[in-house]
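Undergrad: One structure coming up, written as structure tokens, with questions to follow.
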Amino acid sequence: MPSRIITLNEVIIQKQSAFPYAKGELSRLLSHIGLAAKIVAKKINKAGLVNILGDSKNVNVQGENQQKLDVFANEVFINTMRASGICVGITSEENDEMVLFDDDLSLDGKYIICMDPLDGSSNIDVNVSIGTIFSIYRRVSSRGEKATLEDFLQPGNKQVAAGYVLYGSSTMMVYSTGLGTTGFTLDNTIGEFCLSHPYMVTPKQGKIFSVNQGNFINFPRGTKEYIKYCQEKDEATNRPYSARYIGSLVADFHRNLMKGGIFMYPTTGSAPTGKLRLLYECNPIAFLAEQAGGLATDGLGNRILDIQPTDIHQRVPFYTGSKDMVQRAEEFMEEYKDEK
Ligand code: P6P
0 MPSRIITLNE
10 VIIQKQSAFP
20 YAKGELSRLL
30 SHIGLAAKIV
40 AKKINKAGLV
50 NILGDSKNVN
60 VQGENQQKLD
70 VFANEVFINT
80 MRASGICVGI
90 TSEENDEMVL
100 FDDDLSLDGK
110 YIICMDPLDG
120 SSNIDVNVSI
130 GTIFSIYRRV
140 SSRGEKATLE
150 DFLQPGNKQV
160 AAGYVLYGSS
170 TMMVYSTGLG
180 TTGFTLDNTI
190 GEFCLSHPYM
200 VTPKQGKIFS
210 VNQGNFINFP
220 RGTKEYIKYC
230 QEKDEATNRP
240 YSARYIGSLV
250 ADFHRNLMKG
260 GIFMYPTTGS
270 APTGKLRLLY
280 ECNPIAFLAE
290 QAGGLATDGL
300 GNRILDIQPT
310 DIHQRVPFYT
320 GSKDMVQRAE
330 EFMEEYKDEK
């Protein structure tokens, strides 16, 4: 643990020095994300006391009821990014279309952001941890003009930064710019994210598997066989593993990142291409997993970060976490790929 308080902004600047050509724009963007996270965290922590819980009666592009905090978080992040003058547009889970900024300052912005402003929202009313997930790319279109679809449909291996905010027993921000995965914990007494996990490395092997077994009957045969493998007794490989699943991606992933484990969202009957979205859930989480020494695939041997997106709300099957566990799951998927 650091001997003194080291803030998010200090670390952002430190890491910027590793990029000789950096002009500080990405650093400022990350700082703005930290600001938005603090605003949302404050609202979430009070949610139980003021009338902001519950359904906003709107339905988002995913066909999911938008919780009031979803709407609030989406507006805070969009408005903060617009004010940064560094981001030229956003794709959000909560918006059907891309949000393109057209003020002069933003049009010259160098970056675009894909985000899930409040993931796990079905847990809001029951006080279970929820999260914000973000992914940052350099724009490929010309500066001075509006962002284009091409800016947002870049493969995850082009991300310049990615991270999440976990609104849990404490509020944490975990991010990477490609120099490893780093975690910060919000100190509410000073209103700062303080360095708490300087270099997060996920164990190669864990004892936790995370999947919604309510969908078991519709899983691919290989996933079913891997789950059975996790449940079998075998002292030599520390099995059976423990099943842990909160239904909030950031919370499930963060626990497994820290302790070791595998998170799976396979194809199911109601989600034949998977449920989780490539641009603003799988790619950023995959980036962090790999930066921490883990893996992230679609269960079919494809690295998540290499998938070429075709739609801003595209869904993919998602297997991520400890390297040895994801590889073992992939072996079962390969072995049973032609069987129901
Ligand atoms: P299910 C939350 O809605 C979410 O997008 C992720 O946070 C979570 O991992 C997943 O869906 C849970 O889905 O079908 O198991 O409830």
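Residue numbering for the sequence shown is 0 to 339, as defined by numbering that gives the first Met the number 0.
Glycine included, each C-beta is placed from N, C-alpha and C at the ideal position.
Is A35 closer than 7 Å to T6 when the C-beta atoms are compared?
TA: Numbered from 1 along the sequence shown, position 7 holds the residue referred to as residue 6. Numbered from 1 along the sequence shown, position 36 holds the residue referred to as residue 35. A35 sits away from T6, with the two beta carbons spaced by 7 Å or more.
Undergrad: Compute the distance between the beta-carbons of F71 and K42, then report whether it is under 7 Å.
TA: Translated into the one-based positions of the sequence shown, residue 71 becomes position 72. Translated into the one-based positions of the sequence shown, residue 42 becomes position 43. In contact: F71 and K42 (Cβ atoms closer than 7 Å).
Undergrad: Assess, as a yes-or-no matter, whether the region 205 to 223 is touched by the region 257 to 267 under the definition of 3 or more beta carbon pairs within less than 8 Å.
TA: Touching, yes, given that three or more Cβ pairs across the two stretches are closer than 8 Å.
Undergrad: Let me check you understand the geometry: is the CB of G246 closer than 6 Å to at least one non-hydrogen atom of the ligand P6P?
TA: Translated into positions along the sequence shown, residue 246 becomes position 247. For the ligand P6P, a non-hydrogen atom lies closer than 6 Å to the CB of G246.
Undergrad: Taking the alpha carbon of D297 as the reference point, which residue from K232, Y110, I284 has its own alpha carbon closest?
TA: Numbered from its first residue, the sequence shown carries residue 297 at position 298. Ranking the options by Cα distance to D297, first place goes to I284.
Undergrad: Per the DSSP calculation, L165 is bridged to which residue(s)?
TA: Numbered from its first residue, the sequence shown carries residue 165 at position 166. Paired residues: G130, M171.
Undergrad: Can you tell which of R243, G213, I306 has its C-alpha closest to the C-alpha of G268?
TA: Residue 268 sits at position 269 when you count from the first residue of the sequence shown. Residue G213 is the option with its Cα nearest to G268.
Undergrad: For the candidate residues S247, E224, M257, whose alpha-carbon lies nearest to that of Y198?
TA: Indexing the sequence shown from 1 puts residue 198 at position 199. Nearest of S247, E224, M257 to Y198, Cα basis: M257.
Undergrad: Quick one: residues in its chain with C-beta nearer than 8 Å to the C-beta of R81, no 5 flanking neighbours on either side, listed in chain order?
TA: Looking up residue 81 in the sequence shown gives position 82. Result list for R81: F100, D102, S105, in chain order.
Undergrad: Could you give the uninterrupted runs of the beta strand (DSSP E) lying entirely in the region 64 to 121, keeping only those of 3 residues or more?
TA: Qualifying beta strand (DSSP E) stretches, in chain order: 64 to 66, 86 to 91, 110 to 118.
Undergrad: Would you kindly work out how many angstroms separate the C-alpha atoms of A161 and S134, rounded to a whole number?
TA: Here residue 161 is taken as the residue at index 162 of the sequence shown, counted from 1. Here residue 134 is taken as the residue at index 135 of the sequence shown, counted from 1. If I take the Cα positions, the gap works out to 4 Å.
Undergrad: So, using beta-carbon positions, are G155 and I32 closer together than 7 Å?
TA: As a working mapping, residue 155 is identified with position 156 in the sequence shown. As a working mapping, residue 32 is identified with position 33 in the sequence shown. Not a contact, by the Cβ cut-off of 7 Å.
Undergrad: If you compare alpha carbons, which of A21, I311, I12 is closest to V98?
TA: As a first step, residue 98 is located in the sequence shown; it is residue number 99 there, counting from the start. The residue with the shortest Cα to Cα distance from V98 is I311.
Undergrad: Per DSSP, what are the beta-bridge partners of H196 in this structure?
TA: Counting from one through the sequence shown, the residue named residue 196 turns up at place 197. DSSP output for H196 lists G182 as bridge partner(s).
Undergrad: Inspect the CB distances between the region 164 to 177 and the region 185 to 203 and report whether three or more fall short of 8 Å.
TA: yes
Undergrad: If we call anything under 7 Å between Cβ atoms a contact, is G221 one with Y335?
TA: Along the sequence shown, one-based indexing puts residue 221 at 222. Along the sequence shown, one-based indexing puts residue 335 at 336. Cβ atoms of G221 and Y335: closer than 7 Å.
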